[in-house]
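Numbering (the numbering used here), first residue to last: -10 to 320.
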Ligand code: TRP
């Protein structure tokens, strides 16, 4: 069983895009690997959330991952800040992380451009914290999307550098477990691109949306005035609607509306009604679990503690070795 580590940003409510992206893959991985999945709340402090927002978002993400099928008895599921050993390893790794290489990271440069009013040291050293997250458990695989490739490269650099500097093989060099190609991209409802939280109200369907909300959002999805000729290529907003339907509806339903489109008889209103009902069938079990879990703080506390205990045990072991190697020894 390979050791796998991945961080989850505490973004609050999850949408269908998150589910068909990372979550479903995590759930598959937990059966065949020794997985450590954590909620990256230290990382999220770079954006200065209020204490209530921070706590609420961490809770929501925990609840929704559990509702989606992440199993705390299969994977080690924990909250990053419960394992303060990570912060200590981060401090130690920062001593060998250079300003130049950190400044050259594209995600840092992007942040400098986008949030020039808050370019803090946490943003600069984000890759060292990520490295600490992963190598503290001596992980071999890190399942991440394309946007994290550079952070992963930095992580490998820091692990190699430590090994070289102290003439040790303590840290295995982690590899990206890239499920990039397998990811089903879920389009948003605004006619373009992908489903996302920051893409504007109504673009995303959240796992905890009530049926009425889903109906409203789908009915407002962007369409056009209809096909002008038989078998024409679908413009992007229409293609997106069909792609969403392929994910939640049966094949016959999709081909029924496809035929209607190709013969210029389609009524988008009918298609949207069907799509909304199929999304609701899909999300209702999630919604129910989310509601039950949200009300069960005792269970959540138990899950978080169980994960923290397991993660700390693994982290403590590595950190003791690191301290010894560095020269922090008892007299
Ligand atoms: N930076 C990752 C993201 O934005 C989250 C993350 C934090 C992470 N630490 C990690 C991912 C360690 C993989 C491994 O999605």
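Even for Gly, the Cβ is constructed at its ideal location relative to N, Cα and C.
Taking the Cβ of residue 312 as the reference point, every heavy atom of the ligand TRP lies at 7 Å or farther away.
For residue 292, the enclosing alpha helix (DSSP H) starts and ends at 286 to 315. Judged by beta-carbon spacing, residue 138 lies beyond the 8 Å limit of residue 121, meaning their Cβ atoms are not closer than that value.
In the DSSP assignment, residue 153 falls within the unbroken alpha helix (DSSP H) covering 138 to 154. Taking a C-beta distance under 8 Å as the contact criterion, residue 115 and residue 70 do not qualify as a contact pair.
Of the candidates 107, 144, 117, 74, the residue whose Cα lies closest to the Cα of residue 129 is 144. Inter-residue distance for residue 153 and residue 80 is about 18 Å (C-alpha atoms, whole angstroms). DSSP links residue -5 through a beta bridge to 26. Residue 184 and residue 174 have their C-alpha atoms roughly 8 Å apart. By the Cβ test, the stretch 231 to 241 is not in contact with the stretch 38 to 53, since fewer than three Cβ pairs between them sit closer than 8 Å.
For residue 78, there is no enclosing beta strand (DSSP E); the enclosing alpha helix (DSSP H) has its first and last residue at 74 to 83.
Inter-segment contact for the stretch 47 to 66 and the stretch 97 to 109 is absent: fewer than three beta-carbon pairs are separated by less than 8 Å.
Straight across, the Cα-Cα distance linking residue 218 with residue 262 is about 24 Å. Burial state of residue 284 is exposed, judged by a 10 Å Cβ sphere holding fewer than 16 other Cβ atoms. When beta bridges are read from the DSSP output, residue 133 appears opposite 167.
The closest heavy atom of the ligand TRP lies 7 Å or more from the beta carbon of residue 148. Residue 227 sits away from residue 242, with the two beta carbons spaced by 8 Å or more.
For residue 95, there is no enclosing beta strand (DSSP E); the enclosing alpha helix (DSSP H) covers residues 95 to 103. In this structure, DSSP gives residue 212 a state outside helix and strand, which the three-state scheme calls coil. When rounded, the separation of the alpha-carbon atoms in residue 302 and residue 206 is 46 Å. Of the residues -9, 191, 292, 92, the one whose Cα lies closest to the Cα of residue 5 is 191.
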